[in-house]
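Following our numbering, the numbering of the sequence shown begins with 109 at its first residue and continues without gaps. Don't be surprised by glycine CBs; every beta carbon is placed ideally from N, CA and C. Following: one structure in structure tokens, then a few remarks.
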Amino acid sequence: MRNTYREYQKINARIRFILLVLSVFLALLLTVCNYLNFNPNVTILILSLVVVLAYVLTIIFKFTTIIYSERIYISFWPFFNTSIKISTIRKMEVVHYDLPGFGVRYDIPNSVTYYKASGDIGLSLTLVNNKTVVIGTAKATEMIKHLEGLKPLSPPAPN
């Protein structure tokens, strides 16, 4: 049996709550317009559908991190799947960051890629090519302990 670490995260509950309240408000607005024999604006109907669809999608989205003995698999279904070889990790540390929302964020000038679903804690992995990947996690200490148990870190890249 392979030694693996798995973590599954969902979209922040606060975002889902805001979308739910907004969809209820729009549904009430449409009901009042219909009751008072107003012709509901097409814009309100489209906005209602978009908000309800966004709410449903936030329930479906799942951020997955799986650490196998040779690679880290990162997935944010249905948007992306990627992996990082364990042998390319030079340095690991737990970091706090302040990024709104969820998904993938690129800091091109600093060569940093952020993968997150919720929260503000991540595991920062500096790779041998001097790029940095930050994986959002709710269990940073467990994740780093698992990675440290797999292999020693790679030596620094030559300058």
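Does DSSP classify residue i as helix, strand or coil?
i      : result
Lys193 : strand
Phe188 : strand
Glu178 : coil
Thr234 : strand
Tyr205 : coil
Thr112 : coil
How about residue i and residue j: are their beta carbons less than 9 Å apart?
i      : j      : result
Met200 : Glu256 : yes
Tyr223 : Val242 : yes
Thr166 : Leu130 : no
Phe171 : Tyr205 : no
Thr221 : Ile175 : no
For residue i, report the span of its beta strand (DSSP E) as first-last.
i      : result
Phe171 : Lys170 to Ile175
Gly211 : Gly211 to Asp215
Do you know how far the Cα of residue j is from the Cα of residue i?
i      : j      : result
Lys118 : Asn142 : 36 Å
Arg179 : Thr173 : 11 Å
Arg114 : Val202 : 17 Å
Leu157 : Leu138 : 12 Å
Q. Are the stretch 173 to 189 and the stretch 210 to 219 in contact at 8 Å, needing three or more beta carbon pairs?
A. Touching, yes.
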